[in-house]
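Asker: With the working numbering applied, the sequence shown corresponds to residues 548 to 995, in that order.
Every residue, glycine too, gets a C-beta built ideally from N, C-alpha and C.
From a predicted model like this one, the values you see are computed outputs, not experimental measurements.
The following block contains the structure, expressed as C-alpha cells.
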Amino acid sequence: MNLFESQNQEFTQRHIGPNDQETREMLKRIGVSSIDELIRQTVPASILLPKPIETGGPMSEFAYLQELRGIASMNKVFKSYIGQGYYNCITPSVILRNVFENPGWYTQYTPYQAEIAQGRLESLLNFQTMVSDMTGLPIANASLLDEGTAAAEAMAMLFNHKNKDTDHITSPKFFVDHNVYAQTKEILATRAKPIQVELVFGDFAKSNLDESYFGALLQYPDANGQISDYRSFISQAQSVNARVVMATDLLALSLLTSPGELGADVAVGNAQRFGVPLGFGGPHSAFFATRDEFKRNIPGRIIGVSVDAHGNRCLRMALQTREQHIRREKATSNICTAQALLANMSAMYAVYHGAEGIKLIAKRTSLLALTLSNELKDLGFMNLNSHYFDTVRLEVEEPSKLKAIAEARQMNFWFDGNTVQIALDETTSQQDVLEVLHVFAAYKGEDT
C-alpha cells in the first residue's frame, strides 16, 4: 500500500476493526487466506451476492466531507410555506452553539444516571412544565419521537385504559377527524391494526359517537389551518365514555384556548417550531400531556422533583413502575428513547424568549397571515378559513400554473387539487408576504 492509498484507508483503520497485520494473523489462525474466502465458507451460497457491491474505493474523512458538500450544493433551497406540522423557525445562536453543537448534550436518551445529569434533567423538567402550562393539562412526559407516534401512543393508552375498566372492549372504535395531518393518519393505521382497533374517519361536526368508541383524535388548528371550537364534540364524546385527544401546535397555543380548558383528555404535538431546524422533516421532538388519572399509563419518561440523601432538592426519573425495565410484560410504557436533545432545545427556546416573547412571535405570525389574507382578497382570492392562526387556504383554477410561478421564484406552497395553502412562520417577514403576493399577481397577469 503506497502513501496515497494509506491516506484513503486512514479513517477506516482508525475507527473500524483490526488493522492489516491483525487481520492477517486472525485469518491465518482460522485457516483461510483472505476475507473473501472466509465469507464464501461461512455465508450460504443461496444468499451470497454473485459479485461485490459497487461502492467505490475508500476515501479519507476530508475527501468524504468534500464529496458530501458537493452533493449538498446541488440542493435547491426554497422558502417553504407547506406547513402540515412542519415550519421554519429561528434557532437562537446561543442555543445552537451551546446545546445543539455541544457534545455534552448529544443523546436522544433521557439521562439514566441522575447524579451526573442534573443539568439535563432540569432542562427536561422545563420542557415538561412548558408543555403542561401551554396545553392546560397537569402531567407531561419528557418527549416522544414525533407527533404521529405521540397520537398513536395516546390511542393505545386510551384503549388500554378502557380495557382495564371493562375487561375487554368488543369492536373497539377510535374516531379520527378527517382534517388530522396525513402522516398522523398513516401512523395510526399502522398502530391500530395489531391491537384490532377500528379507525373511523369523519367530520367531527357531523359525528355522534356512541358507546362503541373509546376515543377520538382532533387537530387544533387542523390540517387546513382552520381553528374550530371542539367543546360540544368533546362533551358529547365524554358523555359516552370516549376520551378525546387533541393534536396541537405550541406556538398557536400561546394565543388560543388550551386543550385542557376545552375539555380534552390528552394533548399531543410536535415541538419543532420551538427552535428546532426543519431538517427535511425530522428528527423533531413530540410532546404528550394528559390528565392526572392517566399518570400510571402515560408513555415515555417523566422527570420528577425529589430530595437527595442530604435533604437537597434534586431531579430524577419518576413513576418508573410504568416502565418495561421494572414491569416487564405488564409495563404500561415501553418507550425507552425519546428526542431528549431536541426537547432540550425547545425548552431552552422557551426560556430564551419567555412567555411574553413566545406570544409576540405568535402575534407577528398571525398578523402576517391576516395581512396576506386581506391582500389576496383584494386580488380576488378568498381565504377559505374563517378562523385561522398562520395558514391561508385558497382555491385556484390552474394550480399547475401557480405552482410553476411559485417554484420559479423559489417558493413551495402546499397543493391538493385546486386548493393551495400558504403557512407562515417565525421566519416570515413583511417582504416575504409581498413576494407571495407577487406570485399571485403574476398568476393573474397583474404582476408589476
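Measuring alpha carbon to alpha carbon, tell me which of A988, S607, T602 and E569 ends up nearest T559.
Answerer: S607
Asker: I'd like to know whether the C-beta atoms of A811 and Y760 end up nearer to each other than 9 Å.
Answerer: no
Asker: My understanding is that V815 touches F835, with C-beta atoms under 8 Å, so please give their C-beta distance in whole angstroms.
Answerer: 5 Å
Asker: Counting beta carbon pairs with one atom in the stretch 859-867 and one in the stretch 662-678, are three or more of them shorter than 8 Å?
Answerer: When C-beta atoms of the stretch 662-678 are compared with those of the stretch 859-867, three or more pairs fall below 8 Å, so the two segments count as touching.
Asker: Just to confirm the assignment, what range does the alpha helix (DSSP H) spanning G666 have?
Answerer: For G666, the enclosing alpha helix (DSSP H) covers residues Q665 to T682.
Asker: Return yes when the Cβ of A833 is within less than 9 Å of the Cβ of L615, no when it is not.
Answerer: No, the pair does not count as a contact, with Cβ atoms beyond the cut-off.
Asker: Bridge partners for F835 per DSSP, in chain order?
Answerer: V815
Asker: So, using beta-carbon positions, are F936 and A902 closer together than 9 Å?
Answerer: no
Asker: Just reading off the beta strand (DSSP E) that Q766 is part of, what are its end residues?
Answerer: Y760 to Y767
Asker: Taking a contact to mean a Cβ-Cβ separation below 9 Å, would you say S718 touches V823 in this structure?
Answerer: no
Asker: Out of curiosity, what's the CA-to-CA distance linking F721 and Q613?
Answerer: 50 Å
Asker: Report back the beta-carbon spacing between V943 and N965 to the nearest angstrom; my notes put them in contact at under 8 Å.
Answerer: 6 Å
Asker: Measure the alpha-carbon distance for Q886 versus Q819 and round it to whole angstroms.
Answerer: Across the structure, Q886 and Q819 are spaced so that their CA atoms are roughly 11 Å apart.
Asker: So, are the CB atoms of K709 and R790 less than 9 Å apart?
Answerer: yes
Asker: Does DSSP put V747 in a helix, a strand or coil?
Answerer: strand
Asker: Is the distance from the Cβ of L797 to the Cβ of F821 below 9 Å?
Answerer: Yes, Cβ-Cβ distance for L797 and F821 is below 9 Å.
Asker: Taking E982 and R956 to be in contact with their CB atoms under 8 Å, please state how far apart those CB atoms are, rounded to whole angstroms.
Answerer: Cβ atoms of E982 and R956 come within 8 Å of each other, at about 7 Å.
Asker: Is Y896 buried or exposed, if buried means 16 or more other CB atoms sit within 10 Å of its CB?
Answerer: buried
Asker: So, R843 versus A689, is the Cβ gap smaller than 9 Å?
Answerer: No, the pair does not count as a contact, with Cβ atoms beyond the cut-off.
Asker: How about Q631 and Q730: are their beta carbons less than 9 Å apart?
Answerer: yes
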